[in-house]
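So the structure is just underneath, and the comments pick up after that.
Protein chains in written order, with my numbering: chain P, -7 to 118; chain C, 54 to 368; chain W, 15 to 264.
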């Protein structure tokens, strides 16, 4: 399992050379994609039990996910957790002060600000 | 050589005559509506195509279309200005917004720029929804007057058509000249272009502002045509639809973007025109194009057709 | 006449001083070599001269004016043009288009906007100058070939051609003959000498190919771990003990 982790880093940095060293790029990428989608599906199932299920239900969470990943830093799982908490706080506080509609705008304005000022987020490595 | 040019010009002339006389031989108002949408989509597509040509993926085109639409509608409904004034102000407004946003974001690396673009779309939407007094909230702005002197759909068609032809002329000429070559250079290797003396940040800003200005102008016409706009029109779905037009047409090609817009608008309406079926069609075509024909429609040339014919003969 | 002067240039990345207190003078018409082991800081110096990164300390003067901190495109317009260590081309454009782009701003076409709607004399001049450069560099047979289809040696020559069309006063070449055999390398160096004679271009050359460096350079500067350890005529450098120890070997 740990090997796959290192293979990810290798592919991210230089995929051609990684394949020359025996890393099966398609398989590793598929595993990563598969795990990611499985987690997304799990989250969707959980959400479905609270909110309405419809074909476009993924849209708003997707935008939130982008924001969280950037806030936390691309490539860092711990960063995602931190980013998630931060986003939740911002959304709630902004929602309280400015109303829910403007809150989503505030989130994206924050996203844009973070990207301009510190694109690597909390814990991202470049 | 000369024969080829004459053949091309003749083709263009026939096509022009054809599109100008559509209302004469088709009476179905739905087709006229479709043609108006095609014209507007072509303008949206070719303006985005220019941004793509310089190497920046913008998922925020809907924001600029919406900015133009809202500016034009609000000036018309609340201040009472005529369309012929609000049209140009809408374009200027979109251009100015593009200028300021562009100055800040165009220097960012690829994916970060893209994220700011769709962030902007959502920020605009939330502003339009939240400030009900100014922007009309979720129900948007209603009773937008059509341009004075243009009452029927057919007249609107000619307005849209002329707008599309002028825009196409501008963008096509830009792409076929040094300007277009510079854009390609930016896309392939902006560092090299910077180091041979081209002010790349100024270049990117110029391209972005021109493209978004035309998006805003198109948005203005859209608003006055529909008569009623709301934030639910200018979403990321709209942005991605326009991306699909450009992707099908081929990256870096203005003509391709236009062809993609025509093709997909007509196809989308002919098969299921509404809601999620539309997204399904678009999705299938996008994936299909990427897998089968990555260069898009623009990469179809005589070489490829020749090779296909050869394959059939051997088999 | 001193065209380019580096005055105690220092570049610090984090805690590491990549270049420290480096001095260099480049006179008009000179072909000066900059050599040293990998990681010595040669490309960093090039990056500072061409404006890609600013020096942490020290100044750079061009024709007497201070240029440290100027943007790369400003420097290119003034006449400082560089090539890159890693192959840097417009990969999906033709050879002709690549070289045209190189000369674009030297002909003052700006953003190319006016050229879209009016036929300009400047455009024709640019095409003419591009064809001349193609002729000079021997790329005639490949004029309409895509840059990425060229063999490596010709790609390097193309990169130099793009830089040449930008009408440089000072040309910074970063390992121009890397990966070339002796014939190709000589051909490139002869073209560079021709440019020096014809256009009066001054050249600063980074190279690992010692034969080329010793045969063609008027003067050599040796860099090791960011500091200058020797400078002088090739014959002096060949004998210098410090240089032999740090880089040349016996």
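Beta carbons: idealized from backbone N, C-alpha and C, even for Gly.
Tell me, please, whether the CB atom of residue 101 (chain P) is closer than 8 angstroms to any CB atom in chain C?
-> yes
Does residue 183 (chain C) get closer than 8 angstroms to chain P when you measure Cβ to Cβ?
-> yes
For residue 234 (chain W) versus residue 246 (chain W), is the C-beta spacing smaller than 8 angstroms?
-> yes
Going by Cα to Cα distance, which pick from W:211, W:231, W:186 is closest to residue 18 (chain W)?
-> W:186
Using the C-alpha atoms, what's the distance from residue 335 (chain C) back to residue 54 (chain C)?
-> Its pLDDT being 47, under 50, residue 54 (chain C) is placed unreliably by the model, and nothing is read from it.
Exposed or buried, residue 32 (chain W), counting other C-beta atoms within 10 Å across all chains shown (16 or more means buried)?
-> buried
What is the rounded straight-line gap between the Cα of residue 209 (chain C) and the Cα of residue 176 (chain W)?
-> 49 angstroms
If we cut at 8 angstroms on Cβ distances, does residue 91 (chain P) have a partner in chain C?
-> yes
Inter-residue spacing [alpha-carbon to alpha-carbon] between residue 249 (chain W) and residue 30 (chain W) | 33 angstroms
At least one CB of chain C closer than 8 angstroms to the CB of residue 79 (chain P): is that the case?
-> no
Which of helix, strand or coil DSSP assigns to residue 42 (chain W) | coil
is_contact[residue 179 (chain C), chain P] using C-beta, thresh 8 angstroms | yes
With which residues is residue 94 (chain W) paired in a DSSP beta bridge?
-> W:184
Cβ separation of residue 70 (chain W) and residue 25 (chain W), assumed to be a contact under 8 angstroms, to the nearest whole Å = 5 angstroms
Are the beta-carbon atoms of residue 239 (chain W) and residue 203 (chain W) separated by less than 8 angstroms?
-> no
Residue 52 (chain P) classed as buried or exposed, judged by whether at least 16 other C-beta atoms fall within 10 angstroms | exposed
Residue 11 (chain W) - DSSP class collapsed to helix/strand/coil | There is no way to answer for residue 11 (chain W), as the model of chain W reaches only from 15 to 264.
Buried or exposed: residue 324 (chain C), going by 16 or more other Cβ atoms within 10 Å of its Cβ?
-> exposed
Would you tell me roughly how many angstroms separate the C-alpha atoms of residue 112 (chain P) and residue 102 (chain C), rounded to the nearest one?
-> 29 angstroms
Member of W:43, W:129, W:191 whose CA lies at the smallest distance from the CA of residue 228 (chain C) = W:129
Cβ-based burial, residue 187 (chain C) [other Cβ within 10 Å; buried from 16] = exposed
May I ask you to report which of helix, strand or coil DSSP gives residue 44 (chain P)?
-> coil
Coil, strand or helix - residue 108 (chain W) by DSSP | strand
Touching by the beta-carbon criterion (3+ pairs, under 8 angstroms), the region 209 to 216 of chain W and the region 103 to 113 of chain W | no
What residue from W:173, W:89, W:58 has the CA that sits closest to residue 27 (chain W)'s CA?
-> W:58
Cβ of residue 322 (chain C) within 8 angstroms of any chain W Cβ = no
Which residues does DSSP pair with residue 201 (chain W) in a beta bridge?
-> In DSSP, residue 201 (chain W) forms no bridge with anything.
Going by DSSP, which residues form a beta bridge with residue 216 (chain W)?
-> W:184
Inter-residue CB distance, residue 247 (chain C) and residue 118 (chain W) (contact presumed, cutoff 8 angstroms) | Actually they do not touch by this definition, with Cβ atoms about 12 angstroms apart.
Close Cβ partners of residue 339 (chain C) (< 8 angstroms) along its chain, the five nearest in sequence each way excluded | 297, 300, 301
Spatial neighbours of residue 276 (chain C) within its chain, please: CB distance less than 6 angstroms, with the 5 preceding and 5 following residues excluded, ordered by chain position.
-> 122, 125, 126, 197, 282
Contacts of residue 126 (chain P) in chain C (Cβ-Cβ under 9 angstroms) = In the structure displayed, chain P extends from -7 to 118; residue 126 (chain P) sits before or after that span and is not available.
Chain C contact for residue 126 (chain W) (CB, 8 angstroms cutoff) = yes
Any residues in the region 216 to 227 of chain C with a beta carbon nearer than 7 angstroms to a beta carbon of chain W? Which ones, in chain order?
-> 226, 227
Could you give the uninterrupted runs of the alpha helix (DSSP H) lying entirely in the region 193 to 262 of chain C, keeping only those of 4 residues or more?
-> 206 to 229, 231 to 248
Starting from residue 172 (chain C), find everything on chain P with Cβ-Cβ shorter than 7 angstroms and list it in chain order.
-> 100, 103, 104
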